[in-house]
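Residue numbering for the sequence shown follows our numbering, beginning at 10 and increasing consecutively.
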Amino acid sequence: MRNNRLGNTELNISELGFGCGAVGGLMVLGEHKEMFDAIEYAIDSGVNYFDTARVYGDGLSEIHTGAILRELRRTDLIVGTKVRVSGSEFEDISNTVSDQIDNSLRRLGLDTIDIVYTHNRIGSERNVSSGTFSLEDLSPVVEVFEAAVKAGKIKYWGFNGLGETGAIKESLNRYSPSAIHTCYNLLNPTSGYDLPPSFSYQNFEQLMNVASDKGIGTVGIRILAGGALSGSVERHPIAQQNVDPISTSNTFQEDVNRTSDFQFLITEGFVENFVEASVRFAISNNNLDTSLIGLSNFDQLKQAIQYVNRGPLSQEAIDKISDTWTSK
């Protein structure tokens with residue numbers, strides 16, 4: 010599996026990242042053996058990045074991920090987690106973020122976390138109810154992050170690239186994070202492609218490309234649109250049963266319906282199914298350093314790795330996909 014340098018950091022990160030979130034659910038509600046087998050297989054297949062967060066299962070994802078990595082005695086892997094400020098915590102952002110870093114270190118069982126991101130959206134103004142940071146709110150967060158780097162608690166820090174497009178871009182200019190999470194999939198590719206104003210969903214105005222040009226690492230999220238790009242509304246028993254779309258349709262069902270726009274990729278033999286199309290589409294963009302895959306079981310991981318090993322989509326396929334976006 011190809012490794013990419015994460016922005017200007019010293020981290021060489023696998024093009025497929027292991028998503029430890031609650032949408033897939035494996036690292037929150039999975040059986041220990043299946044979690045262990047999946048992580049071991051991922052590592053043996055070249056996956057070296059594990060992306061978790063405090064809010065995934067109220068800490069369970071961090072606990073399970075850290076425990077299995079210790080059980081495997083692997084210290085050469087890259088672990089990322091996130092801090093999230095909510096409610097009254099906005100009254101003391103600095104101490105909240107500092108405490109959360111310490112708590113994540115304990116749950117993961119690590120002396121140092123490779124990279125910690127904000128999990129809050131970014132906007133022009135603070136919105137406590139939606140958990141949105143203003144650009145000014147990021148200042149104390151960055152101060153805590155930098156202090157944690159000096160203390161050896163974390164190596165690098167980054168932002169969540171969700172919220173208002175203009176504010177997100179300004180946060181890159183103002184604070185220069187080491188990396189950013191960015192929504193990127195077949196339904197909404199605007200983080201990587203220039204699409205017309207008539208495009209139906211939020212336009213991220215080539216956020217991924219802007220970040221890459223600045224030496225900021227890029228981490229793709231929602232590459233399967235929360236599972237909608239499987240083309241089915243059926244959910245695995247341990248997966249999150251109700252998934253709110255991010256920067257696509259209003260409902261999960263609508264996203265599933267939109268997947269049929271890409272049926273030609275299967276009909277014309279470019280891929281076997283929609284999941285393959287989505288995974289290979291994500292790794293086709295050289296400005297995306299790693300793409301996170303959310304998992305519910307071991308088989309889904311093996312399938313995703315198989316698709317990655319088939320390589321990027323052909324230019325012919327990409328061109329036809331681009332025609333689909335502009336025709337809507």
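Just so it is clear, CB atoms sit at the ideal spot from N, CA and C, and this is done for glycine as well.
In this text the structure is predicted, and so the values were computed from the model without any measurement.
- alpha helix (DSSP H) segment containing F45, residue limits: 41-53
- Query: Which residues share a DSSP beta bridge with Y126?
  - Reply: K91, G167
- 7 Å Cβ cutoff met for D270 and T333: yes
- Message: Classify L81: buried if its beta carbon has 16 or more other beta carbons within 10 angstroms, exposed otherwise.
- Response: exposed
- Tell me whether N218 sits in a helix, a strand or coil according to DSSP, three-state version. helix
- Item | Nearest candidate by alpha-carbon position, reference L38, set P321, Q249, N266, T268 | Q249
- Nearest to A234 by CA position, among N169, V219, A291, is which residue? A291
- Item | Cβ-based burial, H190 [other Cβ within 10 Å; buried from 16] | buried
- Message: Given this structure, state the Cα-to-Cα distance separating Y165 from P186, to the nearest angstrom.
- Response: 8 Å
- Message: Relative to the C-alpha of N12, which candidate in I52, K42, E43, D46 has its C-alpha closest?
- Response: I52
- Task: Select from Y184, S209, S221, S207 the residue whose C-alpha is nearest the C-alpha of G201.
- Result: S221
- Message: Tell me the rounded alpha-carbon separation between V153 and I163.
- Response: 11 Å
- Message: Do Q109 and V88 have their beta-carbon atoms positioned less than 7 Å apart in this structure?
- Response: no
- Task: Could you tell me if N318 is buried or exposed, where buried requires 16 or more neighbouring beta carbons within 10 angstroms of its beta carbon?
- Result: exposed
- Item | Exposure label - R79; buried when at least 16 CB within 10 Å | exposed
- Evaluate D60 with the Cβ neighbour count: other Cβ atoms within 10 Å of its Cβ, from every protein chain shown; 16 or more gives buried, anything less gives exposed. buried
- Query: When the distance is taken between beta carbons, is I48 closer than 7 Å to I77?
  - Reply: yes
- Message: What residue range does the beta strand (DSSP E) around S23 cover?
- Response: 21-23
- Task: Have a look at T268 and N259 and give me their C-alpha separation to the nearest angstrom.
- Result: 14 Å
- For Y253, which residues of its own chain have a beta-carbon under 7 Å away from its beta-carbon, when the five flanking residues on both sides are left out? Sequence check: residue 253 is Asp here, not Tyr. So no residue of the chain qualifies.
- Task: Taking the CB atoms as reference points, tell me whether A31 and Y58 lie closer together than 7 Å.
- Result: no
- Can you list, in chain order, the stretches of the alpha helix (DSSP H) that have 4 or more residues and sit fully within the segment 227-309? 261-267, 272-276, 283-291
- Task: Report the residue from S323, S95, R183 whose alpha carbon sits nearest the alpha carbon of I142.
- Result: Ile is not the amino acid found at residue 142; the sequence shown has Phe there. If we check each option's Cα against that of F142, S95 comes out closest.
- Query: So is V137 buried or exposed if we call it buried at 16+ other beta carbons inside 10 Å?
  - Reply: exposed
- Message: Nearest by alpha-carbon distance to E285: which of Q272, G167, N197 is it?
- Response: Q272
- Message: Rounded to whole angstroms, what is the Cα-Cα separation between R289 and D101?
- Response: 42 Å
- Task: Please say whether V228 and A176 have beta carbons closer to each other than 7 Å?
- Result: no
- Query: Helix, strand or coil for G26 per DSSP?
  - Reply: strand
- Please report the Cβ distance between N218 and S256, rounded to the nearest whole angstrom; I am assuming they are in contact, meaning their Cβ atoms lie under 8 Å. No, N218 and S256 are not in contact; Cβ-Cβ is about 17 Å, not under 8 Å.
- Message: Could you tell me the alpha carbon to alpha carbon distance between S241 and E277, rounded to whole angstroms?
- Response: 20 Å
- Message: Taking the alpha helix (DSSP H) that A156 belongs to, which residues open and close that run?
- Response: 147-159
- Message: Rounded to whole angstroms, what is the Cα-Cα separation between D203 and S70?
- Response: 36 Å
- Message: To the nearest angstrom, how far is the alpha carbon of E179 from that of K42?
- Response: 44 Å
- Integer Cβ distance of G172 from R130, believed to fall under 8 Å: 4 Å
- Proximity below 7 Å, CB of Y126 to CB of N169: yes
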